[in-house]
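Colleague:
There are 2 protein chains.
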Amino acid sequence: MEPIRSLDQMLQRLSNQAPKRMVIAAAQDAHTLGAAFKAAKLGLVTLKLVGDGAKIAEIAASLGESIDGLPLLEESTLDGAAQKAVAMVRAGEADVLMKGLASTDQYVKAILNKETGLLKKGDILTHIGVYQIPHLGRLLFASDVAIIPTPDLSTKQKQLRYLIEAAHAFGIECPKAAILSATERLSEKVPSTLDAAILSKMADRGQIAGAIVDGPIALDCALSREAAQTKGLNSPIQGDADLLLFPYLEVGNVFHKTLTFCANAELAAVLAGPIVPCVLTSRSESEQSKLYSIALACMLA
Amino acid sequence: MEPIRSLDQMLQRLSNQAPKRMVIAAAQDAHTLGAAFKAAKLGLVTLKLVGDGAKIAEIAASLGESIDGLPLLEESTLDGAAQKAVAMVRAGEADVLMKGLASTDQYVKAILNKETGLLKKGDILTHIGVYQIPHLGRLLFASDVAIIPTPDLSTKQKQLRYLIEAAHAFGIECPKAAILSATERLSEKVPSTLDAAILSKMADRGQIAGAIVDGPIALDCALSREAAQTKGLNSPIQGDADLLLFPYLEVGNVFHKTLTFCANAELAAVLAGPIVPCVLTSRSESEQSKLYSIALACMLA
Numbered sequence: 003m004e005p006i007r008s009l010d011q012m013l014q015r016l017s018n019q020a021p022k023r024m025v026i027a028a029a030q031d032a033h034t035l036g037a038a039f040k041a042a043k044l045g046l047v048t049l050k051l052v053g054d055g056a057k058i059a060e061i062a063a064s065l066g067e068s069i070d071g072l073p074l075l076e077e078s079t080l081d082g083a084a085q086k087a088v089a090m091v092r093a094g095e096a097d098v099l100m101k102g103l104a105s106t107d108q109y110v111k112a113i114l115n116k117e118t119g120l121l122k123k124g125d126i127l128t129h130i131g132v133y134q135i136p137h138l139g140r141l142l143f144a145s146d147v148a149i150i151p152t153p154d155l156s157t158k159q160k161q162l163r164y165l166i167e168a169a170h171a172f173g174i175e176c177p178k179a180a181i182l183s184a185t186e187r188l189s190e191k192v193p194s195t196l197d198a199a200i201l202s203k204m205a206d207r208g209q210i211a212g213a214i215v216d217g218p219i220a221l222d223c224a225l226s227r228e229a230a231q232t233k234g235l236n237s238p239i240q241g242d243a244d245l246l247l248f249p250y251l252e253v254g255n256v257f258h259k260t261l262t263f264c265a266n267a268e269l270a271a272v273l274a275g276p277i278v279p280c281v282l283t284s285r286s287e288s289e290q291s292k293l294y295s296i297a298l299a300c301m302l303a
Numbered sequence: 003m004e005p006i007r008s009l010d011q012m013l014q015r016l017s018n019q020a021p022k023r024m025v026i027a028a029a030q031d032a033h034t035l036g037a038a039f040k041a042a043k044l045g046l047v048t049l050k051l052v053g054d055g056a057k058i059a060e061i062a063a064s065l066g067e068s069i070d071g072l073p074l075l076e077e078s079t080l081d082g083a084a085q086k087a088v089a090m091v092r093a094g095e096a097d098v099l100m101k102g103l104a105s106t107d108q109y110v111k112a113i114l115n116k117e118t119g120l121l122k123k124g125d126i127l128t129h130i131g132v133y134q135i136p137h138l139g140r141l142l143f144a145s146d147v148a149i150i151p152t153p154d155l156s157t158k159q160k161q162l163r164y165l166i167e168a169a170h171a172f173g174i175e176c177p178k179a180a181i182l183s184a185t186e187r188l189s190e191k192v193p194s195t196l197d198a199a200i201l202s203k204m205a206d207r208g209q210i211a212g213a214i215v216d217g218p219i220a221l222d223c224a225l226s227r228e229a230a231q232t233k234g235l236n237s238p239i240q241g242d243a244d245l246l247l248f249p250y251l252e253v254g255n256v257f258h259k260t261l262t263f264c265a266n267a268e269l270a271a272v273l274a275g276p277i278v279p280c281v282l283t284s285r286s287e288s289e290q291s292k293l294y295s296i297a298l299a300c301m302l303a
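Just so you know, the sequences run in chain order U and A. Per my numbering: the first sequence = residues 3 to 303. Per my numbering: the second sequence = residues 3 to 303.
1. Is any beta-carbon of chain A found at less than 9 Å from that of K191 (chain U)?
2. What is the DSSP secondary structure of A271 (chain U), counted as helix, strand or coil?
3. To be precise: take each residue of the stretch 249 to 283 of chain A, compare its Cβ to all Cβ atoms of chain U, and keep it if any distance is under 9 Å. Which residues remain?
4. In chain U, what lies closer than 7 Å to P151 (chain A) by C-beta?
5. Which partner residues does D216 (chain U) have in the DSSP bridge list?
6. Do M90 (chain U) and I296 (chain U) have their C-beta atoms within less than 9 Å of each other?
7. Note down, in chain order, each residue of its chain lying with its Cβ closer than 8 Å to the Cβ of D31 (chain A), except the 5 sequence neighbours on either side.
8. Spell out whether any CB of chain A is found under 9 Å from the CB atom of I200 (chain U).
9. If we ignore side chains and look at the alpha-carbon of each, how far apart do D107 (chain U) and F257 (chain U) end up?
10. Please classify M100 (chain U) as buried or exposed, where buried requires at least 16 neighbouring CB atoms within 10 angstroms.
11. Could you check whether L269 (chain U) and L9 (chain U) sit closer than 9 Å to each other, using their CB atoms as the reference points?
12. Between S145 (chain U) and Q161 (chain U), which are expected to be in contact by the criterion C-beta below 8 Å, what is the C-beta distance as a whole number of angstroms?
13. Where L293 (chain U) and P279 (chain A) are concerned, what is the direct C-alpha to C-alpha distance, given to the nearest angstrom?
14. Under 8 Å, with one C-beta from each stretch per pair, do the stretch 146 to 155 of chain U and the stretch 172 to 191 of chain U reach the 3-pair mark?
15. Of all the CB atoms in chain U, is at least one closer than 9 Å to the CB of R285 (chain A)?
16. Does the Cβ-Cβ distance between P2 (chain A) and L49 (chain A) come in under 9 Å?
17. What does S145 (chain U) reach in chain A if we use C-beta pairs closer than 7 Å?
18. Does the beta carbon of A243 (chain A) come closer than 9 Å to any beta carbon on chain C?
19. State whether the stretch 34 to 43 of chain A contacts the stretch 280 to 292 of chain A, with contact taken as three or more CB pairs (one from each stretch) at a distance under 8 Å.
20. By alpha-carbon positions, which one of U:G275, U:R15 and U:S194 ends up nearest to I166 (chain U)?
21. When you compare each of A:A230, A:A180 and A:Q209 to L247 (chain A) by their alpha carbons, which one comes out closest?
22. Ignore the nearest five residues each way along the sequence and tell me which others in S78 (chain A)'s own chain have a CB closer than 6 Å to its CB.
23. In this structure, what does DSSP give as the bridge partners for T232 (chain A)?
24. Return helix, strand or coil for K123 (chain U), following the three-state DSSP convention.
25. Going by other Cβ atoms of all chains shown within 10 Å of its Cβ, with 16 needed for buried, is K22 (chain U) buried or exposed?
26. Within a Cβ cutoff of 6 Å, which residues of the same chain sit near T195 (chain U), ignoring the five residues on either side of it in sequence?
27. Sorted by chain position, which residues of the same chain lie with C-beta nearer than 7 Å to L114 (chain A)'s C-beta, five sequence neighbours on each side aside?
28. Exposed or buried, D222 (chain U), counting other C-beta atoms within 10 Å across all chains shown (16 or more means buried)?
29. Let me know the secondary structure DSSP gives M100 (chain U) once reduced to three states.
30. Using a Cβ-Cβ cutoff of less than 8 Å, which residues in the same chain neighbour T157 (chain A) once the five nearest sequence positions on both sides are dropped?
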C-alpha cells in the first residue's frame, strides 16, 4: 500500500472502503452533528445516535438535515448517553465512538470505567494527533498533546506503540519515531533525555517493533535534515521523523497550538487505546478538522 | 515611547541611538564576524575583538572586510578569549558581549564564574527570545527555550522579571505575561499549573511589578482572543499575551523550533541575567536572525 501523505489522501483512501458504524454520545450538539452528517455524506460512516431525540431532531433540521431512519437510542442525561454509547461499542454495534454534548469528563469517565468501559487490561487512554504542516510533504503523528500530564516510561512505551500502529494503518511501513527532548545530549539535568535513551535502546533490543526509534532529539533535528547536519548529529532520523513522542503534556500542547495558531497546520486527532478509536473534537476546531478526525478514527478502526 | 512591534522597527529605533561597544570572545569565526560587521555598518555597535589576530584578519579579508583600526586583544586559546572578553565587560569597556569561536560551554563558564564572571548575586543566566510571527502584529517575548531545564519558582520569578524588563525596553509599558501550561484548569497532576497560579498571585500582591500576569493558560488562549472566548475563559490576557513564560525547557524549545521550522517566524535572542546582554547565536541561524540578536542585545544594554 502506498503511504498516505496528506489528510485529503486519507479521505480519498477511505472513499474506497465500506463506511464504519459511528455512535455519537449525546448527539444533541450542532458542531458534532454537522461534522457527522458531512462524514456520512462522504460515505465514511453510518450514524447511530444516543441522546435527547427531540433536541437532536431539532438541531438536525436547523442544519437542513433529518434523522429519520437513523437508529436512535433515547437518553436524556449526558452521562447516561455517554454510558449507553460506550455499551453499544462493547456490544459490537459500533466501530467508532464520537463525543457529542457530553462533557469530556463524562465521556472519558464512561470510556475508562473498569467494569463497563472500553479499555483492555494494559492499555491506556491517550491522544494521537496527525498534523499536516505546509511544505513538509508528509504527515506527522504525535502524542500526547491533550490527555496524560507526565507519562512514565511504561506509558511512553504504549503511546509509542499506538503511534506506530497508526503509521502502519497509513501505509508507512517503517516509520521513524523521534523521542523528543530539548537537546540530543543526554543529561541527568534533563530527565526527558534519559527516558528517550531508554526507549531508543528498547527498540534496538526488539522490545519496540515496527519503527526506527531514536532519541533524545530536539524538534529541529527531527524535522530538518539541514539542522541535523549542521549540528553534526548522526541519527537514523536526520530530519525525517514521522512520529513524535513528547516528554510532557505541556510540550505536546505547545507544539499543537503553535502549529494550529501560527503555522496554518491542519490536523486530525483521536483518543487511542480503547477497543475502538474515540473522536473528541473541540468546539474551537475548524469544520474540516472535525471531519478529518472522524476520518482518522475510521482509518484506525 | 511608541511600542516596537516588529524586529525591523527595533533596527529603526536603534539607528537613532549611539552605537554600543560590543566585544567578541574568540572572534576568529566567519559566521560571527559576518553578523558583527553588518551590525557595525548599520551603526548598532562598535567592535572590540579578542582572539587570534592573524586568523581574525584572514577571515575578515575573506569577508571583504578589514580589522585595521579595531581594538584587538591577542589571545590564542578559546577559553582564554572567553575569560578576557568577560574581563573587559567587568572593567566597563563593553556594553554587549558576543560569542565567537569559543564553545557555548566555555562562554557560559566564563560568564558564570563566581569571582570573575558577569552575574550579580541573586541573578541567573537565562535565555530570552523575541519572536515575530507572521500576521500576529506584535512581538512575543519568551523564556526559556535554551538554558534552564526545570526552573523552580524563584527562577521562574527572575525569568519573568527579565521578560518584563525587556518588554519595557521595547516601549511596552504594561505587557501581558502568560504563565503557560497545557490547560487553564489547576490540577495537582499538572504541576506547571500550580506554579503558574502562584506567580499570578505574586503579581496580584505586588511581588511582581510592571506587567499584567495570568496563568495557568494554554498557548491558544494566550494568543487568540477567539480561542479564549470559545473556552469561556475570563483572563486579563484573552489572547493578547506579550510575554510567554514556559514551565520546562522542552516546552520552550518545541515552541522555538515549531515557530522557526514550521511557521516562518523571525527571531532575536540573548542571554539575560548578566550585567550586560550576551549574544549567543547558533551556526544554523539565518544571517538576519544573528543581526537581530545583536540588535536585541543593544536594546537591552
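Beta carbons: idealized from backbone N, C-alpha and C, even for Gly. It should be emphasised that the depicted structure is a prediction, and the values quoted were computed from it without experimental measurement.
Modeller: Quick look at the numbers:
1. So, interface residue.
2. Looking at A271 (chain U) - three-state DSSP - the assignment turns out to be strand.
3. Against chain U - using a Cβ distance shorter than 9 Å - the residues of the stretch 249 to 283 of chain A are P249, Y250, L251, E252, V253, G254, N255, V256, F257, H258, K259, T260, L261, T262, F263, C264, A265, N266 and A267.
4. Result: K191 and V192.
5. In DSSP, D216 (chain U) forms a bridge with U:A180.
6. No, the Cβ-Cβ distance between M90 (chain U) and I296 (chain U) is not below 9 Å.
7. Take D31 (chain A), set aside five residues on each side of it, and the residues of its chain with a beta-carbon closer than 8 Å to its own are I61, G102 and L103, in chain order.
8. Closer than 9 Å: no.
9. Taking the straight line joining both Cα atoms gives about 23 Å.
10. With 16 or more other Cβ atoms within 10 Å, it is buried.
11. L269 (chain U) is positioned such that its CB atom lies closer than 9 Å to that of L9 (chain U).
12. Confirmed, Cβ separation roughly 5 Å.
13. Each residue's Cα considered, the two are about 49 Å apart.
14. Flag = no, the stretch 146 to 155 of chain U and the stretch 172 to 191 of chain U do not touch.
15. So yes, R285 (chain A) belongs to the interface.
16. No statement about residue 2 (chain A) is possible, as the shown extent of chain A runs from 3 to 303 and does not include it.
17. In chain A, no part has a C-beta under 7 Å from the C-beta of S145 (chain U); the shortest such distance is about 13 Å.
18. Annotation note: the requested chain C is absent from the structure, which comprises protein chains U and A.
19. Segments in contact, yes.
20. Selected option, being the one with the closest Cα: U:G275.
21. The option with the nearest alpha carbon to L247 (chain A) is A:A180.
22. Excluding positions up to five away in sequence, the list reads D54.
23. According to DSSP, residue pairing for T232 (chain A) in a beta bridge does not occur.
24. In the structure shown, K123 (chain U) sits in coil (DSSP, three-state: anything other than H, G, I, E or B).
25. Buried, by the Cβ-count rule.
26. Contacts found: S183, L188, S189 and P218.
27. Take L114 (chain A), set aside five residues on each side of it, and the residues of its chain with a beta-carbon closer than 7 Å to its own are L121 and L127, in chain order.
28. By the C-beta density criterion, D222 (chain U) is buried, having at least 16 other C-beta atoms within 10 angstroms.
29. M100 (chain U) falls in the strand class under three-state DSSP.
30. Here the set comprises I126, T128 and I150.
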